[in-house]
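**Student:** Heads up: the protein sequence lines correspond to chains X and B, in order. If you read the first sequence in numbering that gives the first Met the number 0, its first letter stands for residue 0, the second for the next number, and so on. If you read the second sequence in numbering that gives the first Met the number 0, its first letter stands for residue 0, the second for the next number, and so on. No residue lacks a Cβ here, since even glycine has one placed at the ideal position from N, Cα and C. Nothing here was measured: the structure is a model prediction, and the numbers come from that model. First, the structure itself, so that you have it in front of you.
Number of protein chains: 2
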Amino acid sequence: MRRLIGEGELADLAQGAAVLGTGGGGPPYLGMLLARRAVHECGPVSLVSLDELADDACCADVAMMGAPTVLLEKVPSGEEPLRALEALERAHRRTVTHIVCGEAGGVNSMVPVVAAARRGLPMVDADGIGRAFPELQMMMPTLYGITAAPLAITDERGNTGVLRTVDNRWTERIARAITVELGCNASIASYLMTGAQARQALVPRTLTLCLELGEAIRCARAAHRDPVAAVIERLGGRRLFHGRVTDVDRRTVFGFARGHALMRGVGEWADTELRLEFQNEHLVARRDGELVASVPDLIIVLQEATAEPVTTEELRYGLRVEVVGAACDPRWRSQAGLAVAGPRAFGYDHEFVPVAAGGPHLGGASWRA
Amino acid sequence: MRRLIGEGELADLAQGAAVLGTGGGGPPYLGMLLARRAVHECGPVSLVSLDELADDACCADVAMMGAPTVLLEKVPSGEEPLRALEALERAHRRTVTHIVCGEAGGVNSMVPVVAAARRGLPMVDADGIGRAFPELQMMMPTLYGITAAPLAITDERGNTGVLRTVDNRWTERIARAITVELGCNASIASYLMTGAQARQALVPRTLTLCLELGEAIRCARAAHRDPVAAVIERLGGRRLFHGRVTDVDRRTVFGFARGHALMRGVGEWADTELRLEFQNEHLVARRDGELVASVPDLIIVLQEATAEPVTTEELRYGLRVEVVGAACDPRWRSQAGLAVAGPRAFGYDHEFVPVAAGGPHLGGASWRA
């Protein structure tokens, strides 16, 4: 059975992606508006599992780059991702057959839908990370030696760049510099790969997981059950904190939304404090100084009672939230994975401590396959 | 008769270009080393006048972008310009037949020689400005609606970008952002144009003028005549100041060497002070507060007695210099020209005041044709 993403699925998909987005990937609502229009005008997008993918399929990641904080004020038209895709195809002299969602995160779960709907292409039921990460080289394909370049980058004015680089870190650096110059927001197409490569290097079933997460939250709300518990159950995650935001320090630095938030506990966590560090995504959580979760594991901030995912730019004084930890794809916990996206890759001077180590969800296996 | 640029011509060419470079375009010595090796290994480069150029010739500008201050420490290998040229050809799907010198300035008079020698192509006896300017859109072709893009940009590591932009100002902005990220120095190929376009949009005979200026300085020195006077005579210029540098304030900002120098007069200018503003090039000269020269006219700083051109990064306390003003190509003095490269285009809040207005060199015509 082939699954379709139509207008009816977009809300669940965006909601689930916002959960996995761990605060990053931009505001889901904005991306959903773009995707809704595209699906409304061009019809639903079919979802192809990695197993179904032909070895010689031509897959490409279409995404937005920049600071989510800026995205809220500098709204894209929806044409930019298509122009990026076309520039990528020209650079490779290949025609893309399948659209890949690079990261499960708010706007970046929707932008590929926009591109797929408008080009009439299927999407792969997978993503490049299994969550959201702030930098371009922090993708599973990097661990498999797959290059992001040639990468195409466009803006709303009609400027386009094609980058060929020596490694994915340089792709990130140059694309980021361009993004900042373009106004901290750009559309990119990159990581062109074959179906065989995609099967190996992508994180399987992420879009289905997003749909299921969104559905779980929606149904729990409707049934007056705890939607936060539904998220935790679906992810095999763990409740890390429940409290109220007491301080937020947020800056836009080099195209990133960086900062930290402090939270004061309630209930079980009364008289304790959580400090949350973020760089586009929620990256490190310390409870009374003790490290309770860090990248590459998922730190998910949800509004109390509604389980509405809270992005880093939505954190504000007084907001009552629950913080959930969940295991990342096990490959991110490998030495190679941690070198690319472990705490030290983000400038934090501590080792990775798995959230809920030894639990039933160790290695993230429980929410895959 | 076809003129050749061999090893014997390089010193004069570099010297003359350094004069027209008005302090910018990078240190001529470094560029000369690269050109000397290329010409030594690959043979001399022939010089083709604009009149001789076939209408369907394919001309391209090869240059370095970045802060000259940085270039002194981050020396290019000489391969980068060729890689930029090849990327430009791939982007246009054209084969370049003639190399253009984008600006008459130290390193950027030599980089095109490197590319021409290594590719076995002739150079056009012209340049894109008639002097040096710090930004990519400040080229005569901009006044004729010729686009810098597609532009190819490369670094010494092997990173390459191809930009397609909405106008030459955006080409500058994006290429500059990339250049800064690459370490404030990159090689670019751009402004691909036909022979017919080149004839209209380039400044004719600039390379011959450079050779003649270099020769004039060399011969004056050998004959114990005043080489500064020889420069002034050849350019139809005017002596603006003679003095000693008393203060220099120089910063590298956004990939540019920016700042100002103060000079205390001697002889005729005793008890007067000259303030020189620069942004890669010497841009504005005020004598005791009075504006005596400004862009787009040429402000040339020469070492006293030797007439060795002084770049903005060579200005230092105690240096004894003579400052010469000369008229730019008359098209820069038009309304359209001043909009692109007049004082206000550089952020100075004053009108253009022609140097030596009414003199025999008005409009720069005296040193053309």
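Rounding to the nearest angstrom, what Cα-Cα distance links GLU51 of chain B and ARG93 of chain B in this structure?
**Tutor:** On the second sequence, residue 51 of chain B is found 52 positions in, with the first residue counted as 1. On the second sequence, residue 93 of chain B is found 94 positions in, with the first residue counted as 1. Whole-angstrom Cα-Cα distance: 21 Å.
**Student:** Distance, Cα to Cα, CYS220 of chain X vs ASP248 of chain X?
**Tutor:** The count along the first sequence starts at 1 and reaches residue 220 of chain X at position 221. The count along the first sequence starts at 1 and reaches residue 248 of chain X at position 249. Sequence check: residue 220 of chain X is Arg here, not Cys. Taking the straight line joining both Cα atoms gives about 31 Å.
**Student:** Less than 7 Å between the beta carbons of GLU372 of chain B and VAL283 of chain B, yes or no?
**Tutor:** For residue 372 of chain B there is no data in the structure shown, the boundaries of chain B being 0 and 368.
**Student:** Spatial neighbours of THR193 of chain B within its chain, please: CB distance less than 8 Å, with the 5 preceding and 5 following residues excluded, ordered by chain position.
**Tutor:** Along the second sequence, one-based indexing puts residue 193 of chain B at 194. Excluding positions up to five away in sequence, the list reads ASP54, ASP55, ALA56, CYS57 and CYS58.
**Student:** What is the DSSP secondary structure of HIS241 of chain X, counted as helix, strand or coil?
**Tutor:** Counting from 1 along the first sequence, the entry for residue 241 of chain X is found at position 242. Reduced to three states, the DSSP call for HIS241 of chain X is strand.
**Student:** For a contact defined as C-beta to C-beta under 7 Å, what are the partners of GLU180 of chain B on chain D?
**Tutor:** The chain inventory of the structure shown lacks chain D, comprising the protein chains X and B.
**Student:** Beta-carbon within less than 6 Å of LEU3 of chain X's beta-carbon, same chain only, minus the 5 sequence neighbours each way: which residues are those?
**Tutor:** To locate residue 3 of chain X, count along the first sequence from 1; it is residue 4. Excluding positions up to five away in sequence, the list reads PRO43 and SER45.
**Student:** In terms of alpha-carbon separation, which member of X:ALA147, X:VAL294 and X:VAL161 lies closest to GLN136 of chain X?
**Tutor:** For this step, residue 136 of chain X is matched to residue 137 along the first sequence. Closest option to GLN136 of chain X, Cα to Cα, is X:ALA147.
**Student:** Distance, Cα to Cα, VAL372 of chain B vs ARG118 of chain B?
**Tutor:** Past the edges of chain B, shown from 0 to 368, lies residue 372 of chain B, and the structure says nothing about it.
**Student:** Can you determine whether any heavy atom of the ligand ZN sits closer than 6 Å to the C-beta of ASP154 of chain X, and answer yes or no?
**Tutor:** This structure does not include the ligand ZN; it has no bound ligands of any sort.
**Student:** Roughly how many angstroms separate the alpha carbons of THR251 of chain X and VAL244 of chain X, rounded to a whole number?
**Tutor:** In the first sequence, residue 251 of chain X corresponds to position 252, counting from 1. In the first sequence, residue 244 of chain X corresponds to position 245, counting from 1. Distance between the alpha carbons of THR251 of chain X and VAL244 of chain X is about 20 Å.
**Student:** Considering only residues of the same chain and omitting the five flanking positions on each side of ILE177 of chain B, which have a CB-CB separation below 7 Å?
**Tutor:** On the second sequence, residue 177 of chain B is found 178 positions in, with the first residue counted as 1. So the qualifying residues of the chain are ILE152, GLY160 and ALA185.
**Student:** Quick one, which residues of the region 141 to 169 of chain B are near chain X if we go by CB-CB under 8 Å, in chain order?
**Tutor:** Hits within the stretch, in order: ARG156, GLY157, ASN158, THR159, GLY160, VAL161, LEU162, ARG163, THR164, VAL165 and TRP169.
**Student:** Which value, in whole angstroms, describes the spacing of the CA atoms of VAL74 of chain B and GLY182 of chain B?
**Tutor:** Your numbering for residue 74 of chain B matches position 75 in the second sequence. Your numbering for residue 182 of chain B matches position 183 in the second sequence. Roughly 11 Å separates the two Cα atoms.
**Student:** Secondary structure at GLN14 of chain X, three-state DSSP: helix, strand or coil?
**Tutor:** Taking the first sequence and counting its residues from 1, the one referred to as residue 14 of chain X is at position 15. Helix.
**Student:** If we call anything under 7 Å between Cβ atoms a contact, is LEU210 of chain X one with GLY15 of chain X?
**Tutor:** Here residue 210 of chain X corresponds to residue number 211 of the first sequence, with the count starting at 1. Here residue 15 of chain X corresponds to residue number 16 of the first sequence, with the count starting at 1. Yes, they are a contact pair.
**Student:** Could you check how far apart the C-beta atoms of GLY324 of chain X and GLY242 of chain X are, in whole angstroms? I think they sit under 8 Å.
**Tutor:** Within the first sequence, the letter at position 325 stands for residue 324 of chain X. Within the first sequence, the letter at position 243 stands for residue 242 of chain X. That belief does not hold up - the Cβ atoms of GLY324 of chain X and GLY242 of chain X are roughly 15 Å apart, past 8 Å.
**Student:** Since ALA17 of chain X and PRO308 of chain X are thought to touch, with beta carbons under 8 Å apart, how far apart are those beta carbons, to the nearest angstrom?
**Tutor:** Within the first sequence, the letter at position 18 stands for residue 17 of chain X. Within the first sequence, the letter at position 309 stands for residue 308 of chain X. That belief holds up - the Cβ atoms of ALA17 of chain X and PRO308 of chain X are roughly 4 Å apart, short of 8 Å.
**Student:** From the DSSP output, in three-state form, read off TYR190 of chain X for me.
**Tutor:** For the purposes of this step, residue 190 of chain X is identified with residue 191 of the first sequence, where counting begins at 1. DSSP places TYR190 of chain X in strand when its eight states are reduced to three.
**Student:** Is it true that the region 165 to 172 of chain X meets the region 219 to 234 of chain X, where meeting means three or more beta-carbon pairs spaced less than 8 Å apart?
**Tutor:** They do not touch, by the three-pair rule.
**Student:** Are the Cβ atoms of ASP126 of chain B and THR205 of chain B separated by less than 7 Å?
**Tutor:** Indexing the second sequence from 1 puts residue 126 of chain B at position 127. Indexing the second sequence from 1 puts residue 205 of chain B at position 206. Yes, these two residues count as a Cβ contact at 7 Å.
**Student:** If you follow the alpha helix (DSSP H) that CYS209 of chain B is in, where does it begin and where does it stop?
**Tutor:** As a working note, residue 209 of chain B is residue 210 in the second sequence. Counting along the chain, the alpha helix (DSSP H) containing CYS209 of chain B begins and ends at 205 to 221.
**Student:** Take the Cβ of ASP348 of chain B as the centre, count every other Cβ of all protein chains shown within 10 Å, and call the residue buried at 16 or more, exposed below.
**Tutor:** The sequence position of residue 348 of chain B within the second sequence is 349, counting from 1. So ASP348 of chain B counts as exposed.
**Student:** With DSSP run on the structure shown, which of helix, strand or coil describes ILE173 of chain B?
**Tutor:** Sequence index remark: in the second sequence, residue 173 of chain B carries index 174 (1-based). Helix at ILE173 of chain B.
**Student:** So, do the region 289 to 304 of chain B and the region 339 to 353 of chain B have three or more beta carbon pairs nearer to each other than 8 Å?
**Tutor:** Yes, they touch.
**Student:** With a threshold of 7 Å between beta carbons, is LEU361 of chain B in contact with chain X?
**Tutor:** One-based indexing of the second sequence puts residue 361 of chain B at position 362. With a pLDDT of 32 at LEU361 of chain B, under the threshold of 50, the modelled position of that residue is not reliable, and the figure given next carries that caveat. Closer than 7 Å: no.
**Student:** Measuring CA to CA, which of B:GLY317, B:PRO27, B:MET64 and B:GLY20 is closest to GLU134 of chain B?
**Tutor:** Locating residue 134 of chain B in the second sequence gives position 135, counting from the first residue. Cα-wise, what sits closest to GLU134 of chain B is B:MET64.
**Student:** What first and last residue would you give for the alpha helix (DSSP H) that runs through GLU85 of chain B?
**Tutor:** To locate residue 85 of chain B, count along the second sequence from 1; it is residue 86. It spans 79 to 91 - the alpha helix (DSSP H) in which GLU85 of chain B sits, taken as one unbroken run.
**Student:** Between ARG367 of chain B and GLY101 of chain B, what straight-line distance do the alpha-carbon atoms span, to the nearest angstrom?
**Tutor:** Locating residue 367 of chain B in the second sequence gives position 368, counting from the first residue. Locating residue 101 of chain B in the second sequence gives position 102, counting from the first residue. Since pLDDT at ARG367 of chain B reaches only 36, below the 50 mark, its modelled position is unreliable, and the value read off the structure follows with that caveat. The alpha-carbon atoms of ARG367 of chain B and GLY101 of chain B are separated by roughly 17 Å.
**Student:** Pick helix, strand or coil for GLY324 of chain X, following the three-state DSSP scheme.
**Tutor:** Taking the first sequence and counting its residues from 1, the one referred to as residue 324 of chain X is at position 325. In the structure shown, GLY324 of chain X sits in a strand (DSSP, three-state: E or B).
**Student:** Since THR197 of chain B and LEU12 of chain B are thought to touch, with beta carbons under 8 Å apart, how far apart are those beta carbons, to the nearest angstrom?
**Tutor:** Taking the second sequence and counting its residues from 1, one reaches residue 197 of chain B at position 198. Taking the second sequence and counting its residues from 1, one reaches residue 12 of chain B at position 13. Rather than Thr, the amino acid found at residue 197 of chain B in this sequence is Ala. With a Cβ gap of about 19 Å, ALA197 of chain B and LEU12 of chain B do not count as contacting.
**Student:** In the DSSP assignment, find the alpha helix (DSSP H) that holds GLN334 of chain B and state where it starts and stops.
**Tutor:** Sequence index remark: in the second sequence, residue 334 of chain B carries index 335 (1-based). Element bounds for GLN334 of chain B: 334 to 340.
**Student:** Assuming the contact rule is C-beta atoms closer than 8 Å, ALA256 of chain B and GLU312 of chain B should be a hit. Round their C-beta distance to whole Å, please.
**Tutor:** Translated into positions along the second sequence, residue 256 of chain B becomes position 257. Translated into positions along the second sequence, residue 312 of chain B becomes position 313. Sure, about 6 Å apart at Cβ, within 8 Å.
**Student:** Under 7 Å between the Cβ atoms of PRO203 of chain B and GLY105 of chain B?
**Tutor:** For the purposes of this step, residue 203 of chain B is taken as the residue at position 204 of the second sequence. For the purposes of this step, residue 105 of chain B is taken as the residue at position 106 of the second sequence. The answer is no: Cβ separation not under 7 Å.
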